[in-house]
Amino acid sequence: MIVTVTLNPALDKTIQIDTFRISEVNRVLSVREDAGGKGINVSKLIHSLGGETIAVGAVAGAVGDFIEKQLDELGTPHDFVHTEGNTRTNTKIVDISLKTYTDINEPGTPLSQEALDQIEEKIFKYATEDGVVVFSGSIPSNVGKDIYGRWIKKVKAKGIKTILDADGELLKKGIEAGPYLIKPNIHELEMLYNKKFETREEAIRFAKNLLDYDIEIIALSMGGHGCAFITKDKIYFAKAIPVEVKSTVGAGDSMVAALAYAIQKNASLKEAIKLAVAAATASITNEGTQMGTKDQIEFWKDRVEFELLVL
Ligand SMILES: Nc1ncnc2c1ncn2[C@@H]1O[C@H](COP(=O)(O)OP(=O)(O)O)[C@@H](O)[C@H]1O
Ligand SMILES: O=P(O)(O)OC[C@H]1O[C@](O)(COP(=O)(O)O)[C@@H](O)[C@@H]1O
């Protein structure tokens, strides 16, 4: 079982605009709404790949109802705690002329200690020894930044693998707990080291140091430049596949989903890399927060190129 934890789900509202102008009236060309939030996206993809998954976390109000309904329609299993307020809406602006993709993410509704305890119970209810628990995304501002780190320690103590995809303090404290895999993007790594990397190699060297925290795999994604997959023995670099981008939202989550799926199946690292890049590529060819379909991912899998790096 792959359990995903989303403390801050979102309705992703993607609006298409032609040449966005600041301080002017902008007319929207199209709107679409998807159930989003990092763990939720991960579960959506794992389910469509045929994997066993459940999305846990918290939802609230009418937006929470929308998310649960859409997951039901997709057949993605979920078990959320229901809280006060309303789940956030994240606005994604796709500018079709400028080819820019802008995310405006709301902070989300607070979670009580009682809700957090209930979520923790659900994590341990569904997590299996041969499974994976995925902690990803931001958290409401009233929740301590050590939450993922604390949960990773507890899950790891039961011999269960964990994946962390977060930024800032959440990432830093999570890393200290030694998750099995982390997937920072290059900006998140720069924030972590408070340093701008001049070259791909420099970024990879800094990322590699994190393996000392008992991390097995680091997927360091670099948007349209590709992704490095770093382990103690080997470092692979997979090129991004040039495609017509419809929306970059969900590319990282697709990688995380594919990696979780591959890890649970005990697939080789090479197989995991192919699936991860194919899943990310498929996702960005779809509008809004839509993951790639199984067929799309199969198609791209044969076209993934990666090389062994010697640093
Ligand atoms: N513009 C792009 N063109 C082609 N592939 C892309 C593009 N943006 C992202 N990808 C693919 O998605 C992966 C993850 O993207 P990235 O933006 O680094 O993740 P995140 O969404 O977590 O920030 C990349 O390694 C690449 O394979
Ligand atoms: O929790 P955060 O960091 O605000 O991110 C949430 C947003 O990230 C997403 O999960 C997409 O993430 P990626 O583009 O990194 O795959 C959206 O669905 C959601 O709106």
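Residue numbers for the sequence shown, in full-length UniProt numbering: 1 to 311. We put the beta carbon where it would ideally sit given N, CA and C, even for glycine.
Contact under 8 Å by Cβ, residue i with residue j
{"i": "residue 174", "j": "residue 214", "result": "no"}
{"i": "residue 39", "j": "residue 134", "result": "yes"}
{"i": "residue 220", "j": "residue 186", "result": "yes"}
{"i": "residue 58", "j": "residue 98", "result": "no"}
{"i": "residue 147", "j": "residue 162", "result": "no"}
{"i": "residue 255", "j": "residue 282", "result": "no"}
{"i": "residue 244", "j": "residue 285", "result": "yes"}
{"i": "residue 164", "j": "residue 143", "result": "no"}
{"i": "residue 224", "j": "residue 291", "result": "no"}
{"i": "residue 109", "j": "residue 140", "result": "yes"}
{"i": "residue 29", "j": "residue 12", "result": "no"}
{"i": "residue 67", "j": "residue 35", "result": "yes"}
{"i": "residue 87", "j": "residue 203", "result": "no"}
{"i": "residue 137", "j": "residue 176", "result": "no"}
{"i": "residue 183", "j": "residue 190", "result": "no"}
{"i": "residue 212", "j": "residue 188", "result": "no"}
{"i": "residue 170", "j": "residue 145", "result": "yes"}
{"i": "residue 246", "j": "residue 48", "result": "no"}
{"i": "residue 180", "j": "residue 1", "result": "no"}
Span separating the alpha-carbon of residue i from that of residue j
{"i": "residue 32", "j": "residue 46", "result": "22 Å"}
{"i": "residue 261", "j": "residue 4", "result": "12 Å"}
{"i": "residue 24", "j": "residue 100", "result": "18 Å"}
{"i": "residue 248", "j": "residue 217", "result": "23 Å"}
{"i": "residue 206", "j": "residue 237", "result": "15 Å"}
{"i": "residue 329", "j": "residue 279", "result": "As shown, the chain starts at 1 and ends at 311. That puts residue 329 outside it, with no answer to give."}
{"i": "residue 209", "j": "residue 235", "result": "13 Å"}
{"i": "residue 240", "j": "residue 201", "result": "16 Å"}
{"i": "residue 69", "j": "residue 81", "result": "15 Å"}
{"i": "residue 159", "j": "residue 61", "result": "36 Å"}
{"i": "residue 272", "j": "residue 85", "result": "39 Å"}
{"i": "residue 56", "j": "residue 26", "result": "37 Å"}
{"i": "residue 103", "j": "residue 114", "result": "31 Å"}
{"i": "residue 302", "j": "residue 274", "result": "8 Å"}
{"i": "residue 93", "j": "residue 107", "result": "18 Å"}
{"i": "residue 296", "j": "residue 222", "result": "22 Å"}
{"i": "residue 299", "j": "residue 20", "result": "34 Å"}
{"i": "residue 287", "j": "residue 44", "result": "15 Å"}
{"i": "residue 22", "j": "residue 63", "result": "28 Å"}
Outcome for residue i when other beta-carbon atoms lying within 10 angstroms are tallied against a minimum of 16
{"i": "residue 242", "result": "exposed"}
{"i": "residue 253", "result": "buried"}
{"i": "residue 199", "result": "exposed"}
{"i": "residue 193", "result": "exposed"}
{"i": "residue 268", "result": "exposed"}
{"i": "residue 41", "result": "buried"}
{"i": "residue 122", "result": "buried"}
{"i": "residue 75", "result": "exposed"}
{"i": "residue 230", "result": "buried"}
{"i": "residue 308", "result": "exposed"}
{"i": "residue 257", "result": "buried"}
{"i": "residue 304", "result": "buried"}
{"i": "residue 310", "result": "exposed"}
{"i": "residue 228", "result": "buried"}
Local conformation of residue i per DSSP, three classes
{"i": "residue 158", "result": "coil"}
{"i": "residue 277", "result": "helix"}
{"i": "residue 213", "result": "helix"}
{"i": "residue 20", "result": "coil"}
{"i": "residue 36", "result": "strand"}
{"i": "residue 246", "result": "coil"}
{"i": "residue 63", "result": "helix"}
{"i": "residue 138", "result": "coil"}
{"i": "residue 197", "result": "coil"}
{"i": "residue 90", "result": "strand"}
{"i": "residue 42", "result": "helix"}
{"i": "residue 143", "result": "coil"}
{"i": "residue 307", "result": "strand"}
{"i": "residue 101", "result": "strand"}
{"i": "residue 165", "result": "strand"}
{"i": "residue 25", "result": "coil"}
{"i": "residue 192", "result": "helix"}
{"i": "residue 236", "result": "strand"}
{"i": "residue 49", "result": "coil"}
{"i": "residue 57", "result": "strand"}
{"i": "residue 12", "result": "strand"}
Residue i at chain D interface by Cβ criterion, 8 Å
{"i": "residue 36", "result": "The structure shown contains no chain D, having only a single protein chain."}
Closer than 7 Å: residue i CB and nearest ligand 4 heavy atom
{"i": "residue 277", "result": "With respect to ligand 4, the structure shown offers nothing to examine, as its ligands consist of ligand 1 and ligand 2."}
Give me the pocket residues for ligand 2, defined as CB within less than 6 Å of any heavy atom, sorted by chain position. Result (chain order): 8, 10, 12, 36, 37, 38, 41, 90, 105, 137, 138, 249, 250, 251, 252, 253, 289.
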